[in-house]
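Notes follow the structure.
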Amino acid sequence: MTSPILERAPGDPRKKAINPALKFALELGPGLVFFFVTLRGEWLAAKFPILASIGEPILIATAFFMVATALSLAVSWLLTRSLPIMPLVSTVVVFVFGALALYLQDKTFAFMKPTIINALFGTVLLVGLAFRRSLLAYVFDSAFELDAEGWRKLTLRWGVFFLFLAVLNEVVWRNFAENTWLFFKVWGTIPITTLFTIAQMPLILRHEIKQPAQEKHTS
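The sequence shown begins at 961 in our numbering and counts up one residue at a time.
Below, the structure is given as structure tokens:
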């Protein structure tokens, strides 16, 4: 029997898990590529003239971001032989809006991409709750196990948080300079998300399913 293309359901013993640190690196990597290529875009264009045909630095960074996102997804596939659902959705959005930005030479699409991704994730999580599905378990089940009420509460909080990030991105890119938005996208969003994640630990500890301790066998 062939393995499914999409990742298995949370709790499925056949689901292959990725080391949490590696999973975090795969998710963070494309964003760091976007940040540093935007900062060094002019130098790269001068060093490699073919890149100058792509457009200004943020558009060059968008092209690199698309490649890095595809590579991240490919590594996930190689490690688990399945595609993680939320990163897959994010990749589709990245390629759609990245392609529009490059084709139309309009960096507005690059600015709006985080808004669309966060709004989409938030909406999917909250709609899933309306149908009694805690879809967040697909993201975090390799890190910890919660009871049904814990997943419901955590999914609700993350759904609202993603919508908050979408609104915050709109406020920043529409009201501040491009470099301010760029630094916020990496060095602002990551600390905010980290603090939010830490703030959820009391809820996680209250609803975590404790694994029974292995009995020690004496010879």
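Every residue, glycine too, gets a C-beta built ideally from N, C-alpha and C.
Continuous alpha helix (DSSP H) stretch holding residue i: start and end
i: F1143; result: 1138-1143
i: K1007; result: 1001-1007
i: I965; result: Here I965 belongs to no alpha helix (DSSP H), and DSSP marks it neither H nor E.
i: I1158; result: 1149-1159
Buried or exposed by the 16-neighbour rule on C-beta atoms within 10 Å, applied to residue i
i: F1136; result: exposed
i: L1114; result: buried
i: T1051; result: buried
i: L1019; result: buried
i: F984; result: exposed
i: P1162; result: exposed
i: K1073; result: buried
i: T998; result: buried
i: P1047; result: buried
i: L1096; result: buried
DSSP three-state assignment for residue i, whether helix, strand or coil
i: E1168; result: strand
i: L1106; result: strand
i: L1043; result: strand
i: R1093; result: coil
i: E1016; result: coil
i: K983; result: helix
i: K1073; result: helix
i: K1113; result: helix
i: I1010; result: helix
Same chain, Cβ closer than 6 Å to residue i, neighbours up to 5 away in sequence not counted
i: G1180; result: Because the chain in this structure spans residues 961 to 1179, residue 1180 falls outside the shown range and cannot be described.
i: F1122; result: N1078, F1081, G1082
i: T1022; result: G1058, A1061, A1070
i: G1015; result: Q1065
i: V1146; result: G991, F995
i: K976; result: T1040
i: N1139; result: none
i: L907; result: Given a span of 961 to 1179 for the chain in the structure shown, any question on residue 907 remains unanswerable.
Residue i: CB within 8 Å of a non-hydrogen atom of the ligand NAP
i: V1027; result: The ligand NAP is absent from the structure shown, which contains no ligand whatsoever.
Own chain partners of residue i with C-beta closer than 7 Å, once the 5 adjacent residues on each side are dropped
i: E1109; result: H1167
i: A1012; result: A1005
i: R1112; result: L1089, S1094
i: I1105; result: At residue 1105 the sequence reads Glu, which differs from the Ile that was named. Contacts found: E1168, I1169.
i: F1055; result: M1026
i: W1133; result: F1071, W1141
i: D1107; result: H1167, I1169
Nonlocal neighbours in the same chain, by C-beta distance under 8 Å from residue i, ignoring five residues either side
i: I978; result: L986, S1036, L1039, T1040, S1102
i: A1028; result: G989, P990, V993, F994
i: K1170; result: none
i: Y1063; result: none
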